[in-house]
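Just below is one structure, and these are the notes that go with it.
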Amino acid sequence: MSHMPARKLAASDILVSVRLATSGKKKVQEGEYRSALVDLCEAHKLNPFLTPAVAWQIPAHYFLNEHSAIEDILDYKRLVKCIDIGSILSGLEPRFGEQLSDELLARCRFYSPTQQMPIVNGKKTNDLLPARGALLSVLEDAVRAVFVRYLCEVSLADTVRHAGVELALRMWANAIAPGGEIGPHYHTRSWISAVYYPIADYRAVRGGLLVLGPMPFQMGHMPDLPQLHIEPAPGLIVVFPSYFGHRVLKTNQTRVSIAADLLPIAETVNWNTANEGADL
Ligand SMILES: [Fe+2]
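To convert, count from 1 in the sequence shown and add 1; that's this note's numbering.
Written as structure tokens, this is what we have:
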């Protein structure tokens, strides 16, 4: 039996949910946590893809001292999956990751970070899909398969089906130089996120641990949030909900990762319009 609403996600749901989430965020910032949670939960019920509606519940619960509610939201055991690319694509060339890194570095332009992406001493590409190379499209297929498997395993496939939305994939690469790091952030416009580590040499990423849990600083000082540390390894794909805050600890060698976001494309126009100016 499913608890999901058996109706499609309507344009009006998107607009109303964004308004509610915006109001919820404002209330968190003003310290009206209880009232904020009402708005944020309603927003998420109307639109299960609206990541900020969940993300802002974390500081609300935190400052109400409701740590068990946070543990339900940040349920690492259930919601984080670590998948080896070799279990998705059989017969993958052992040097696939290394060759893919070379392809990326040769074919893609890396840009300095924007405000949304707090990279220190690192760069990122724009959306990788239009500039695809041969190995990149192999990775794209693998990432699509990983997301499909993930949605089934965490019982979210029905959410997509009931809402009647189509999902789009966005991928980009991050390259961090020695001494670099990525500060706490979450992927506001996405629904499910993943990161793939193409590197062949484990030692190359020592120090560049992925930490799930830390939320952006503007949500307030939350030192006791539960965290999950993940050591990058060649061929590893880590999948998690986009509302999970995360950071990359300082790395002592060049560290390349490929990030992917899965997001609904239904009602794209309304979605974008509704999001405009809201900056959730
Ligand atoms: Fe990220």
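The beta carbon of each residue, even a glycine, is placed where N, CA and C say it ideally should be.
Distance, residue j Cα to residue i Cα
{"i": "PHE218", "j": "HIS186", "result": "8 Å"}
{"i": "ASP262", "j": "VAL55", "result": "17 Å"}
{"i": "ILE238", "j": "PRO60", "result": "28 Å"}
{"i": "ALA11", "j": "LEU47", "result": "9 Å"}
{"i": "SER3", "j": "THR52", "result": "In this prediction, SER3 scores a pLDDT of 41, lower than 50, which makes its location untrustworthy; the coordinate-derived value is nonetheless stated afterwards. The straight-line gap from Cα to Cα measures roughly 21 Å."}
{"i": "ASP14", "j": "ASP159", "result": "18 Å"}
{"i": "TYR63", "j": "ALA169", "result": "32 Å"}
{"i": "LEU157", "j": "GLN228", "result": "23 Å"}
{"i": "PRO224", "j": "MET172", "result": "30 Å"}
{"i": "GLU268", "j": "VAL17", "result": "The pLDDT assigned to GLU268 is 42, lower than 50, so where the model puts this residue is not dependable; a value taken from the coordinates is nonetheless given after this. Approximately 14 Å between the Cα atoms of the pair."}
{"i": "GLU72", "j": "ALA107", "result": "42 Å"}
{"i": "TRP266", "j": "ARG162", "result": "First, the residue type needs correcting, since residue 266 is Ile and not Trp in the sequence shown. Answer to the nearest angstrom: the Cα atoms are 13 Å apart."}
{"i": "MET220", "j": "ARG110", "result": "32 Å"}
{"i": "ARG20", "j": "ILE74", "result": "22 Å"}
{"i": "GLU167", "j": "ILE120", "result": "31 Å"}
Residue j beta carbon less than 8 Å from that of residue i
{"i": "ALA178", "j": "GLY123", "result": "yes"}
{"i": "ALA164", "j": "LYS26", "result": "no"}
{"i": "LEU250", "j": "ILE231", "result": "no"}
{"i": "ILE1", "j": "LEU93", "result": "It is not possible to answer for residue 1, since the shown part of the chain is limited to 2 through 281."}
{"i": "ALA260", "j": "SER194", "result": "yes"}
{"i": "LEU80", "j": "PHE241", "result": "yes"}
{"i": "GLY98", "j": "GLY246", "result": "no"}
{"i": "SER258", "j": "TRP192", "result": "no"}
{"i": "LYS28", "j": "ALA22", "result": "no"}
{"i": "THR252", "j": "ALA176", "result": "no"}
{"i": "ILE89", "j": "VAL147", "result": "yes"}
{"i": "ILE200", "j": "SER102", "result": "yes"}
{"i": "VAL144", "j": "TYR77", "result": "no"}
Proximity test, residue i beta-carbon vs ligand 1 heavy atom, cut-off 7 Å
{"i": "HIS186", "result": "yes"}
{"i": "HIS247", "result": "yes"}
{"i": "ALA12", "result": "no"}
Residue i: CB within 7 Å of a non-hydrogen atom of ligand 3
{"i": "ALA260", "result": "Here the bound small molecules are ligand 1; ligand 3 is not part of this structure."}
Ordered list of beta strand (DSSP E) runs contained in the region 152 to 187, each at least 3 residues: Counting whole runs of 3 or more residues, the region 152 to 187 contains the beta strand (DSSP E) stretches 168 to 186.
Every unbroken alpha helix (DSSP H) inside the region 184 to 261 [4 residues or more]: Counting only runs of 4 or more, we get nothing.
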